[in-house]
Structures are given as C-alpha cells and as structure tokens.
Amino acid sequence: MKPHEKPPCENLTKLMDFVLLDFSELPHLERFLFGLLLVIYISILLSNGTIFLITKVDPALHTPMYFFLGNFSFLEMCYVSATLPRMLENLWTQRRTISLVACATQMFCFLVLGGTECLLLAVMSYDRYVAICSPLHYPLLMNPRICGQMVVGCWVTGVPVLVGLTFQIFSLPFCGSNLINHFFCDIPPILKLASGDTFGTEMIVYLVNVLFVTAPFLLILVSYGKIISTILRLSSSTSRAKAFSTCSSHLVVVTLFYGSGIITYLRPKNQDSGGTDKVLSLFYTIVTPLLNPMIYSLRNKDVIMALRKLVYK
Numbered sequence: 191m192k193p194h195e196k197p198p199c200e201n202l203t204k205l206m207d208f209v210l211l212d213f214s215e216l217p218h219l220e221r222f223l224f225g226l227l228l229v230i231y232i233s234i235l236l237s238n239g240t241i242f243l244i245t246k247v248d249p250a251l252h253t254p255m256y257f258f259l260g261n262f263s264f265l266e267m268c269y270v271s272a273t274l275p276r277m278l279e280n281l282w283t284q285r286r287t288i289s290l291v292a293c294a295t296q297m298f299c300f301l302v303l304g305g306t307e308c309l310l311l312a313v314m315s316y317d318r319y320v321a322i323c324s325p326l327h328y329p330l331l332m333n334p335r336i337c338g339q340m341v342v343g344c345w346v347t348g349v350p351v352l353v354g355l356t357f358q359i360f361s362l363p364f365c366g367s368n369l370i371n372h373f374f375c376d377i378p379p380i381l382k383l384a385s386g387d388t389f390g391t392e393m394i395v396y397l398v399n400v401l402f403v404t405a406p407f408l409l410i411l412v413s414y415g416k417i418i419s420t421i422l423r424l425s426s427s428t429s430r431a432k433a434f435s436t437c438s439s440h441l442v443v444v445t446l447f448y449g450s451g452i453i454t455y456l457r458p459k460n461q462d463s464g465g466t467d468k469v470l471s472l473f474y475t476i477v478t479p480l481l482n483p484m485i486y487s488l489r490n491k492d493v494i495m496a497l498r499k500l501v502y503k
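Heads up, the sequence shown stops at 503 in my numbering, and the numbers go up one at a time, no gaps.
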C-alpha cells in the first residue's frame, strides 16, 4: 500500500457525521474554557467592530490605509465567527457531533476567510510600499476606486478555487473513524480520516496553500524589503522612525498570522502532529484576531484620537 493510501471502504458504512474532540481531554476545565472563550469572542467582536466603526465615521481616517484596516477588522470578525461559535456550543452542550454538510460548510467559510485575509495583508503591505517608496504617485495609484477593486478582489478571488477544493476533500470516502482531533473542520484532521488514496488531494491542498498563503507572503517580503531599503536611505532619523512606525504594526500582524499558518499547512505531517496543529490553530484563529486591534490602536496616534472622539461623543 502506498504511503498516502489508506484501507478502502469495503463493505463499510460511509460516515454522515463527525465528532469534534476539541477540549475533550480536559473535561474538568470545559466550563472555565467556555467562559474564557466567550469573553475572548466578545472582546474580538467589540474591538474589531470599534476599529471598523471609527474608520467609517471619522473623516480623518478616510485614507487608503485606514480603509484597508477597517475592512481587515470586519474580516477578522467574520473569520473568528466561522469557528468560535461552534466551539462554544460544543463546550456548553457537550454534544460534539457535526454533520458532514455542516463540516464542509465550516471548512469552506474558514478557507475563504483565511484566504481573503492572506490576500488583504498583501494588499496592505503594497499600500505601505507605495506610500513610502513612491509617495508622489500615491494619490494616483491608491485612489478610492482602485482600493475598492483591490478589496473586492481579495474577497472573491479565492471563492471558486476553494469551492472546488472543499468539494474535492469531501468527495473522498469516509468510512473509518469519525473522531476529528481538532477544534473545527480544518483540512489536516479531515484528510487523516479519509479512506483510500489521498495523495492527489494533498497535492491540490499544497498547491492552493502555495497560491493563497506562500505567494502573498512572498509579495509581503518583497514589499517590506523595498520599504526597509528606502527607510534606511532617509537622511533624518526622525523621518526613518516615522516611516517605520506606519508599517511596524502591520509587520507584527503578518508575522503572527503567517508564522502559525505556514507552519501548520506547509510543514511535513506525521501521525502525532494533531496536538501541535491544535495549538498552532489557536494562534491564527483566536489569538491573532484578539491582538490585532491592540497592535493597531496602541501604536497608532490617529486611531487613538479617533477612539477618544468616539468616546466623547
């Protein structure tokens, strides 16, 4: 039998639902974890929702950089809502069963929103590249029409590809164990449960990850390489500090999100990687959306001023 081939579904009933194990190995902490995750979820919605609101209502933030930041905050609210509500329901009711259709729907939503985030982070790095490296052309290259087209492109580009990928994954036969050793229906734990030859599907998953994770990440690296090179050539230390402050927050967010995502999806897999995948998934599904508003607001005077205006009103 080939390394990626599993026993075929001979005379076995195909699965119609799965069981998400999530925190089942910590039964005595499930109520505490429910409360903790509920507080985190509410905090993510409130903090990202506040940033989204102030970028819309404060005229001082009607610039391309804050336009992208507002869309990014809205995306984070959608992104975390694809996984956390189900986790909270499982912890509260102790019923961890999820149907095959619901699992496929959750995976598709998670993949589309994750792919959109990768592309939007690349667009935000391009915005900073144009602002710092070509400031005279910035109003022309980043006008409202072009910015809107970029955001729409980020949202819709991955939909047809990820519809096909989700269909391909759930077209595989599932007739063995139905226990998903994860918090949600992610690709690696689902493929572990598939029967038959999964090599072709794994190659498709790898190519999609290269397209929506690695390629945008390389664009970000190129953008920041040119940004850093331009900043170092500035004669004034004050100018260098100001230029770097405009992109340092974005760089921190990119490091958190892409670091955990690339390690999870592109590293070699083994039979004992489930625990590591679960820990890493907490970073790009929960920790990053929670930290992003604090990273952007605490290091950004314009956002702080807009927050003060909103509070005073």
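From the three backbone atoms N, C-alpha and C, an ideal C-beta is built for every residue, glycine too.
Since this is a predicted model, take the numbers as computed values, not measurements.
Does the beta carbon of residue i come closer than 8 Å to any beta carbon on chain C?
i	result
Ser-214	Among the chains of the structure shown, chain C does not appear; only one protein chain is present.
Leaving out the 5 sequence neighbours to the left and right, which residues in its chain are closer than 7 Å to residue i when beta-carbon positions are compared?
i	result
Thr-347	Leu-309
Asp-207	Thr-287, Ile-288, Ser-289, Leu-290, Asn-368
Ala-272	Gln-296, Cys-299, Phe-300, Leu-303
Trp-345	Thr-306
By alpha-carbon positions, which one of the options ends up nearest to residue i?
i	options	result
Thr-420	Phe-258, Ile-322, Met-277	Ile-322
Phe-214	Thr-283, His-252, Ile-244	According to the sequence as given, residue 214 is Ser; it is not Phe. Closest by alpha carbon: Thr-283.
Val-209	Val-443, Gly-451, Glu-266, Cys-293	Cys-293
Ser-237	Gly-366, Phe-262, Phe-298	Phe-262
Leu-228	Thr-253, Pro-275, Asp-248, Pro-329	Pro-275
Lys-499	Leu-211, Pro-217, Ile-241	Ile-241
Leu-441	Leu-355, Pro-249, Leu-383, Val-313	Val-313
Val-398	Phe-264, Leu-326, Ile-336, Pro-350	Pro-350
Gly-260	Cys-268, Ala-250, Leu-243, Leu-362	Leu-243
Leu-311	Tyr-328, Ile-370, Val-341	Val-341
So, under 8 Å CB-CB, residue i and residue j are touching, yes? Tell me the CB distance rounded to an integer number of Å.
i	j	result
Leu-235	Leu-281	Incorrect: roughly 18 Å between the Cβ atoms, too far for contact.
Ile-417	Gln-358	Contact doesn't hold; Cβ gap of about 38 Å is too wide.
Pro-479	Glu-266	4 Å
Ser-427	Ser-315	So it is not a contact: roughly 24 Å between Cβ atoms.
Tyr-474	Phe-447	6 Å
Gly-366	Leu-383	6 Å
Asp-317	Phe-407	The Cβ separation is near 16 Å, so there is no contact.
Asp-212	Phe-373	5 Å
Leu-362	Gly-386	7 Å
Ala-250	Asp-492	6 Å
Tyr-486	Ser-439	5 Å
The alpha helix (DSSP H) spanning residue i covers which residue range?
i	result
Leu-309	290 to 323
Phe-357	349 to 360
Phe-258	254 to 271
Thr-475	Where Thr-475 is concerned, there is no enclosing alpha helix (DSSP H), given that its DSSP letter is neither H nor E.
Phe-407	405 to 422
Leu-381	377 to 383
When you compare only the Cα positions, how much space is there between residue i and residue j?
i	j	result
Ile-230	Ile-476	8 Å
Ile-494	Gly-390	50 Å
Leu-331	Phe-364	49 Å
Cys-299	Val-353	10 Å
Arg-285	His-252	46 Å
Ile-377	Met-277	17 Å
Met-255	Thr-445	19 Å
Leu-216	Ser-471	17 Å
Asp-248	Leu-497	9 Å
Tyr-319	Pro-329	13 Å
For the beta strand (DSSP E) holding residue i, just list the boundary residues, first then last.
i	result
Phe-224	Careful: Phe-224 lies outside any beta strand (DSSP E), inside the alpha helix (DSSP H) at 220 to 247.
Leu-397	Counting along the chain, Leu-397 falls outside any beta strand (DSSP E), though it belongs to the alpha helix (DSSP H) covering 389 to 399.
Asp-207	207 to 210
Among residues of its own chain, excluding the 5 on either side of residue i, which ones have a beta-carbon nearer than 6 Å to its beta-carbon?
i	result
Val-270	Ile-234, Pro-479
Leu-409	Ala-312
Does the beta-carbon of residue i, which I'm using as the reference point, lie nearer than 7 Å to any heavy atom of the ligand ADP?
i	result
Val-320	The ligand content of the structure shown is nil, which means the ligand ADP is not present either.
Please go through the same chain and pick out, in chain order, the residues whose beta-carbon is closer than 8 Å to the beta-carbon of residue i, but skip the five residues on each side of it.
i	result
Met-484	Ser-237
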